[in-house]
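**Student:** Take a look at the following structure, please.
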Amino acid sequence: MLEITHLNVWYGAAQALFDVSLTVGRGELVVLQGLNGAGKSTLLQAIMGLSPHATGTICYQKKSILGLEPHTIARLGLGYVPEDRRLFSGLTVQENLHIAARIQRAERAGGAVLSIHARQEQVLALFPALKNMLGRKAAHMSGGEQQMLSIARTLMTSPALLLLDEPCEGIAPVLVEAIRDALLHLKGTGMPMLVAEQNAILSSRADRVITLVAGQIANTP
Ligand code: ATP
1200 MLEITHLNVW YGAAQALFDV SLTVGRGELV VLQGLNGAGK STLLQAIMGL SPHATGTICY
1260 QKKSILGLEP HTIARLGLGY VPEDRRLFSG LTVQENLHIA ARIQRAERAG GAVLSIHARQ
1320 EQVLALFPAL KNMLGRKAAH MSGGEQQMLS IARTLMTSPA LLLLDEPCEG IAPVLVEAIR
1380 DALLHLKGTG MPMLVAEQNA ILSSRADRVI TLVAGQIANT P
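Quick note: the sequence shown uses the numbering used here, first residue 1200, plus one each step.
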């Protein structure tokens, strides 16, 4: 579904990614490993159209998306959970979920568009801990709870492919387990995912593990 070839990304004069090629196929979990500064976030941002300067090709469903605006890419079905979560901290859990639902992918290939309520039921089934917090402001949640909300919020847009940037980083172990279980459940439903992580939480269950070192792919998956 996602095919990246010979991707190079720069921040000003500094090149951050070098000739990166990878694919994420239908239903695949692909894990992107690498140390701090290896380029994991840069790669996910480039896919979402958030890079200042990128060359190469990025195709989603055989359509070139390099150069498209981030909101256009999101509407095509790519759901992105950034490392910094970007929640509306002054809004409640429920409000965060509903705002996201309004930017749902306009068309679902071959499927019915679910109501906001039905989608909320689905994501709350995945993250039951959020059920008791619907009225709580995001600012008053722990880091792990915010991370669950961030993933849940992205799922409210009915993505067809999920990009997650370090979803388990800096989170209490019990919530790491809950997030890992939820992501593996999603994998079981056939959701394709590209997940950046440093701590090998999901890599043992990945279809492929790609290692980035200093902006380059270091292994041949
Ligand atoms: P981390 O886990 O620390 O987020 P990462 O693997 O995601 O690391 P990136 O954040 O993609 O790595 O960083 C890749 C390289 O690009 C690093 O050398 C970093 O300093 C540089 N970089 C990242 N963001 C910017 C920016 N906005 N401006 C300039 N350089 C940047």
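Quick reminder that beta carbons are idealized off the backbone N, C-alpha and C, glycines included.
Computed from a predicted model, the values in this text were never measured in an experiment.
Closer than 7 Å to a non-hydrogen atom of ligand 1 - does that hold for the CB of residue 1240?
**Tutor:** Yes, Cβ of residue 1240 sits closer than 7 Å to a heavy atom of ligand 1.
**Student:** Using a Cβ distance threshold of 8 Å, determine whether the region 1341-1349 contacts the region 1249-1261, with at least three qualifying pairs required.
**Tutor:** Touching, no.
**Student:** Would you say the beta carbon of residue 1395 is closer than 7 Å to some non-hydrogen atom of ligand 1?
**Tutor:** Residue 1395: yes, Cβ under 7 Å from ligand 1.
**Student:** Please determine whether the Cβ atom of residue 1456 lies at a distance below 7 Å from any heavy atom of ligand 1.
**Tutor:** Residue 1456 cannot be examined here, being either before or after the span of the chain that is shown, 1200 to 1420.
**Student:** What residue range does the beta strand (DSSP E) around residue 1255 cover?
**Tutor:** First-last of the beta strand (DSSP E) with residue 1255: 1252-1259.
**Student:** Can you list the beta strand (DSSP E) stretches of 3 or more residues lying completely in the region 1201-1259, in chain order?
**Tutor:** The region 1201-1259 contains these whole beta strand (DSSP E) runs: 1201-1210, 1213-1223, 1228-1232 and 1252-1259.
**Student:** Between the beta-carbon of residue 1242 and the beta-carbon of residue 1223, is there less than 8 Å?
**Tutor:** Contact: no.
**Student:** At a cut of 8 Å, does the region 1354-1371 reach the region 1261-1278 through at least three beta carbon pairs?
**Tutor:** Short answer: they touch.
**Student:** Look at the Cβ atom of residue 1299, then the Cβ atom of residue 1352, and state whether they are nearer than 8 Å.
**Tutor:** Cβ atoms of residue 1299 and residue 1352: closer than 8 Å.
**Student:** According to DSSP, is residue 1416 part of a helix, a strand, or is it coil?
**Tutor:** Strand.
**Student:** Mind reading off the beta-carbon distance from residue 1248 to residue 1411? Whole number of angstroms is fine, and I expect it under 8 Å.
**Tutor:** Contact doesn't hold; Cβ gap of about 20 Å is too wide.
**Student:** Per DSSP, residue 1278 forms a beta bridge with which residues?
**Tutor:** DSSP output for residue 1278 lists 1361 as bridge partner(s).
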